[in-house]
Amino acid sequence: DFSDYIKEVIVWDKVNTQPAMHFGVLNSQYELILVFDRDNSISRQFSNMKFRGTISNLWKIKRARSKPGNGATFPNELVENILGLVEPGGIIYDPFSGTGTTLLVARGHGYQYIGSELSSVQYSSTLTALQS
329 DFSDYIKEVI VWDKVNTQPA MHFGVLNSQY ELILVFDRDN SISRQFSNMK FRGTISNLWK
389 IKRARSKPGN GATFPNELVE NILGLVEPGG IIYDPFSGTG TTLLVARGHG YQYIGSELSS
449 VQYSSTLTAL QS
């Protein structure tokens, strides 16, 4: 049970919706980002925030263009915002690495990173992206 470790919930407003995949389904314009903290989840305070109220928990960031084989690519800006909440030099883990956007942005900002992916096709494209 990870509920005791939830520190914050961020709403990512994708600005534009993509048509729903099926009839009778609403177009989802947002996703929820759950922020976990193993050591201090009881406090909503982030140590990297130096001023009160500097970051909202509603992020309006346009969706990224889909990459071949993955229609759920995150925009770099979304990952950069998340990294702004993480201690510098920390380890970033992406359990759904897909095309490797999170890992590439983490590497570009000097973080250590670990990714995993169930799809061998996606895993292959992530490795290719990280090697280039």
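All residue numbers for the sequence shown refer to the numbering used here, where the first residue is 329 and numbers rise by one. In this text, a Cβ means the ideal position worked out from N, Cα and C, and glycines have one as well. Remember, predicted model here, so these are calculated numbers, not experimental data.
Residue range of the unbroken alpha helix (DSSP H) whose run includes residue i
{"i": "glutamate 405", "result": "404-411"}
{"i": "valine 433", "result": "429-436"}
Bridge-paired residues (DSSP) for residue i
{"i": "leucine 446", "result": "None, per the DSSP bridge assignment."}
{"i": "glutamate 415", "result": "Partner(s): none; glutamate 415 has no beta bridge."}
{"i": "tyrosine 358", "result": "Asp341"}
{"i": "tyrosine 421", "result": "Ile442"}
{"i": "valine 363", "result": "Glu336"}
Span of the beta strand (DSSP E), counted from its first residue to its last, around residue i
{"i": "lysine 388", "result": "386-388"}
CB-CB length for residue i against residue j, believed under 8 Å
{"i": "leucine 411", "j": "tyrosine 439", "result": "7 Å"}
{"i": "isoleucine 334", "j": "tryptophan 387", "result": "Contact flag wrong, Cβ pair sits at about 17 Å."}
{"i": "isoleucine 420", "j": "threonine 430", "result": "7 Å"}
Proximity winner among the options, relative to residue i (alpha-carbon distances)
{"i": "serine 369", "options": "Trp340, Ser331 and Arg393", "result": "Ser331"}
{"i": "lysine 390", "options": "Ile338, Gln373 and Glu405", "result": "Glu405"}
{"i": "glutamine 357", "options": "Val363, Ala348, Asp365 and Phe364", "result": "Ala348"}
{"i": "aspartate 341", "options": "Asn385, Asp365, Arg380 and Ser447", "result": "Asn385"}
{"i": "leucine 413", "options": "Leu354, Thr401, Thr382 and Tyr333", "result": "Thr382"}
{"i": "threonine 401", "options": "Pro416, Phe424, Gly417 and Glu336", "result": "Phe424"}
{"i": "isoleucine 361", "options": "Ala392, Thr345, Val407 and Asn355", "result": "Val407"}
{"i": "valine 463", "options": "Glu445, Asn409 and Ser371", "result": "This structure leaves residue 463 out entirely; the chain is present only between 329 and 460."}
{"i": "arginine 435", "options": "Gly352, Asn355, Gly417 and Glu336", "result": "Gly417"}
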